[in-house]
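Read through the structure below, which is laid out as structure tokens, and then see the notes.
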């Protein structure tokens, strides 16, 4: 019997979950996932549309990789919502595990990332900006398997 990659529990057959771009931010996020403080992540709907990727679905598993592309953990999506940026609440911002204390702080950090040269290049739009009504994909997840103790 052949197991489809999306149904597999073997990390070798699961899609990658890449948080931010390779570098210090990614490694901080991976460490937060491994220590349990990060249980949510946000992407823009525009990212999925630009890449032609389907939105994540509940139950989908993926392998979190660090900046060196090493598999660190398997995560499973537990919730997916598409909301406008101005609908993100404090509970969700806290679950991002990046020491935010207000939604305003969360939003400022997210905008700094989304307005970065790397993100604008990835989206193919050098003037890309977000606004209150910009659709965001909010995901909650849980770690099902730790593959390494730390990032």
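Residue numbers (the working numbering): 3 to 153.
For glycine and all other residues, C-beta sits at the position ideal for the given N, C-alpha and C.
- The beta carbon of residue 30 sits closer than 7 Å to no other beta carbon from its chain once the five residues preceding and following it are set aside.
- A contact between stretches requires three or more CB pairs, one per stretch, nearer than 8 Å, and the stretch 74 to 91 meets this requirement with the stretch 28 to 43.
- The C-alpha of residue 45 lies about 23 Å from the C-alpha of residue 147.
- Contact annotation: residue 105 and residue 92 have beta-carbon atoms nearer than 8 Å.
- 8 Å or more divides the Cβ of residue 42 from the Cβ of residue 144.
- Residue 47 is positioned such that its CB atom lies closer than 8 Å to that of residue 139.
- Between the beta-carbon of residue 88 and that of residue 134 there is about 4 Å, and that keeps the pair under the 8 Å contact cut.
- Fully enclosed beta strand (DSSP E) runs of no fewer than 3 residues occupy 42 to 46, 63 to 67 of the stretch 23 to 73, in order along the chain.
- A distance below 6 Å between beta-carbons, with the five flanking residues on each side excluded, links residue 81 to the following residues of its chain, in chain order: 142.
- Here the C-alpha atom of residue 137 lies approximately 16 Å from the C-alpha atom of residue 53.
- Contact between residue 78 and residue 99 is absent: CB atoms are separated by about 17 Å, not below the 8 Å threshold.
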